[in-house]
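Peer 1:
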Amino acid sequence: MFAFAVWVMPPLYDLFCEVTGLNGKTGGQYEAVEVKVDTSRTVTVQFVVTKNESMPWEFKPKVGSIKVHPGEEVEMSYMARNLTGTGMVAQAIPSVVPFKAAQYFHKTECFCFNQQPLQGGDSADLPLRFIVDQDVPKQVHTITLSYTLFDVTEQKRDLLAGLAGAAAGP
Numbered sequence: 019m020f021a022f023a024v025w026v027m028p029p030l031y032d033l034f035c036e037v038t039g040l041n042g043k044t045g046g047q048y049e050a051v052e053v054k055v056d057t058s059r060t061v062t063v064q065f066v067v068t069k070n071e072s073m074p075w076e077f078k079p080k081v082g083s084i085k086v087h088p089g090e091e092v093e094m095s096y097m098a099r100n101l102t103g104t105g106m107v108a109q110a111i112p113s114v115v116p117f118k119a120a121q122y123f124h125k126t127e128c129f130c131f132n133q134q135p136l137q138g139g140d141s142a143d144l145p146l147r148f149i150v151d152q153d154v155p156k157q158v159h160t161i162t163l164s165y166t167l168f169d170v171t172e173q174k175r176d177l178l179a180g181l182a183g184a185a186a187g188p
């Protein structure tokens, strides 16, 4: 039962959310195309984080919100710090609300595309680049991007071992 809940359910849930648009899931990495920036309006993007209750890391956005013009590429970052004395691997799962805005929020670079290994006591800046599509409905004035951080150390011991080997050097 535990194995089913840990390894089978998350991929099925992700697939369900991607197909239905439920939970504000974004459609993965966005390929940039030539667009015009709509300077006639702004959209406020809010950044919210939560941690799974068993995640002993500090995790927060560098800013709480920013105003963007639709079509403009924006770069910002999050800070993560492993508060334990041992190495861990984290995975961030995004969600966007309002749900109707999720299809207009495109991440071009995101720490959520990969697991994040950190040795005990280490910290990292986690980059995020995104575009709020110029076709976002005019009634959308605020988009909230939320990340939940999960501990995936047990599933990614090899990634953590590689990080420890690189830190030791030749």
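Here my numbering is used: the first residue of the sequence shown is 19, the next is one more, and so on. The beta-carbon is built from N, C-alpha and C at its ideal position, and this holds for glycine as well. These figures come from a predicted structure and were not determined experimentally.
Distance cutoff 7 Å, beta carbons only. Does K118 sit that close to anything in chain D?
Peer 2: Any reference to chain D falls outside this structure, which holds one protein chain only.
Peer 1: How far does the beta strand (DSSP E) with H189 in it extend, from its first residue to its last?
Peer 2: As shown, the chain starts at 19 and ends at 188. That puts residue 189 outside it, with no answer to give.
Peer 1: Using a 10 Å radius around the Cβ and a threshold of 16 neighbouring Cβ atoms, would you call G105 buried or exposed?
Peer 2: Classification for G105: buried.
Peer 1: Could you tell me the alpha carbon to alpha carbon distance between V37 and C128, rounded to whole angstroms?
Peer 2: Residue confidence for V37 is low, a pLDDT of 45 falling below 50, so the modelled location carries little weight and cannot support an answer.
Peer 1: Going by the CB atoms, is the gap between V150 and P88 shorter than 7 Å?
Peer 2: Yes, the Cβ-Cβ distance between P88 and V150 is below 7 Å.
Peer 1: DSSP three-state label for T60, please.
Peer 2: Note: T60 maps to coil in three-state DSSP.
Peer 1: Rank N70, V114, R99, Q173 by C-alpha distance to the C-alpha of K80 and give the top, closest one.
Peer 2: It is R99.
Peer 1: Please return the same chain residues whose Cβ sits closer than 8 Å to the Cβ of E172, not counting the five positions on each side in sequence.
Peer 2: Answer for E172: no residue qualifies.
Peer 1: By Cβ distance, which residues of its chain are closer than 8 Å to G82, with the 5 residues on each side in sequence left out?
Peer 2: If we look at G82 and ignore the five residues flanking it on each side, its Cβ neighbours are Q64, F65.
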